[in-house]
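So for the sequence shown, full-length UniProt numbering puts the first residue at 1; every next one is plus one. We put the CB at the ideal spot given by N, CA and C, even for glycine. Read through the structure below, which is laid out as structure tokens, and then see the notes.
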Amino acid sequence: MEIERVVIPAAGDPGFTNNVWIVGDPRGSGGECVVIDASHDADAIAEAVGDRTVVAIVLTHGHGDHVGAAPRLRDLTGAPVLLHPADRFLWDVAHPDATPDGDLTDGRDLTVIAVSDGVVEVRHTPGHTPGACVAVVWPDLTDDSAEHDVVDVNPPLAVLSGDTLFEGGPGATRWDYSSFPTIIASIRDRILTLPPATPVHPGHGPSTSVGREAADVEEWIARGW
């Protein structure tokens with residue numbers, strides 16, 4: 001299992017970039033992968049995927065900079081686009097004439113996606129948006145390991161945190177559909193319960209770790225953002 005970052009600049013604003021994460025077999029292997037977010041440029045993402053089969057396109061939330069390239073990336077790869085249904089109203093702003101292919105929910109049947117020799121486990125982490133999610137990458141899923149027991153298999157390779165958690169704190173909660181107390185609860189319950197050494201790879205900017213961010217939660221609460 002490998003995790004690759006592809007930095008995609010926004011059209012007309014190269015100073016604004018998104019991290020797209022590709023999880024699975026290495027490029028050139030002819031294997032498979034999952035793409036986390038479809039930002040700005042589907043052709044650049046498809047080029048990074050190369051000869052791999054895309055099992056799914058997982059959208060961490062519905063903001064346009066994370067879903068904007070999803071329909072074309074689906075056309076290029078044939079992979080289903082998955083979004084939490086609570087963010088469908090945001091998707092519809094970006095793509096009024098297209099629909100996602102499936103829902104990301106808290107149900108076990110839909111949150112665990114097998115890829116390569118591991119799994120991507122999607123966790124609902126509302127706060128930045130109502131349907132915001134993160135993806136935890138678990139390696140080396142053995143044949144006798146049930147999907148719902150992936151936490152016990154091996155330490156995670158990383159959590160791909162979208163806009164829920166960044167180096168230095170939580171994602172923005174300035175919209176009327178956002179909630180700072182909710183994002184703090186999501187981070188505490190769904191991310192900071194992972195081992196402290198777990199890398200955190202966000203949707204923008206540099207990576208961090210669970211332990212590094214856990215040390216500052218009370219400071220975030222005190223400042224209110």
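Look at the alpha carbon of residue i and the alpha carbon of residue j, and state the distance between them as a whole number of angstroms.
i: residue 215; j: residue 157; result: 20 Å
i: residue 224; j: residue 213; result: 15 Å
i: residue 239; j: residue 47; result: Shown here, the chain extends from 1 to 225; a query on residue 239 therefore has no answer.
i: residue 148; j: residue 45; result: Note that residue 148 has pLDDT 45, beneath the 50 cutoff, so the model's placement of it is unreliable and the number below is only indicative. So the two alpha carbons sit approximately 30 Å from each other.
i: residue 100; j: residue 129; result: 17 Å
i: residue 121; j: residue 113; result: 6 Å
i: residue 127; j: residue 18; result: 19 Å
i: residue 32; j: residue 138; result: 15 Å
i: residue 170; j: residue 125; result: 11 Å
i: residue 92; j: residue 64; result: 10 Å
i: residue 97; j: residue 8; result: 24 Å
i: residue 70; j: residue 83; result: 11 Å
i: residue 89; j: residue 131; result: 10 Å
i: residue 76; j: residue 54; result: 10 Å
i: residue 199; j: residue 66; result: 21 Å
i: residue 181; j: residue 95; result: 30 Å
i: residue 172; j: residue 68; result: 19 Å
i: residue 13; j: residue 197; result: 34 Å
i: residue 34; j: residue 23; result: 5 Å
Going by beta carbon distance, what residues of the same chain come within less than 8 Å of residue i, once the five residues before and after it are set aside?
i: residue 221; result: 184
i: residue 194; result: 136, 156, 159 and 210
i: residue 201; result: 3, 5, 19, 21, 158, 159, 160, 161 and 207
i: residue 134; result: 60, 122, 123, 125, 159, 160, 161, 162, 164, 165, 190 and 191
Run the CB neighbour count on residue i, radius 10 Å, all protein chains shown included, and call it buried at 16 or more, exposed below.
i: residue 218; result: exposed
i: residue 87; result: buried
i: residue 42; result: buried
i: residue 25; result: buried
i: residue 203; result: buried
Among the residues of its own chain, which have a CB less than 6 Å from the CB of residue i, if the five just before and after it don't count?
i: residue 85; result: 103
i: residue 10; result: 16 and 40
i: residue 154; result: 139 and 140
i: residue 30; result: 51
Who are the Cβ neighbours of residue i in its own chain at under 7 Å, not counting the five residues just before and after it?
i: residue 74; result: 57 and 81
i: residue 50; result: 27 and 28
i: residue 205; result: 166 and 167
i: residue 78; result: none
i: residue 72; result: 42
Taking Cβ positions only, does residue i come closer than 7 Å to chain D?
i: residue 207; result: Protein chain content of the structure displayed is limited to a single chain, and chain D is not contained in it.
Assuming residue i contacts residue j (C-beta within less than 8 Å), just tell me the rounded distance between them.
i: residue 4; j: residue 21; result: 7 Å
i: residue 111; j: residue 123; result: 7 Å
Contact the stretch 110-118 vs the stretch 167-178: 3+ CB pairs below 8 Å: no
Would you call the stretch 36-44 in contact with the stretch 53-60, where contact means no fewer than 3 C-beta pairs closer than 8 Å? yes
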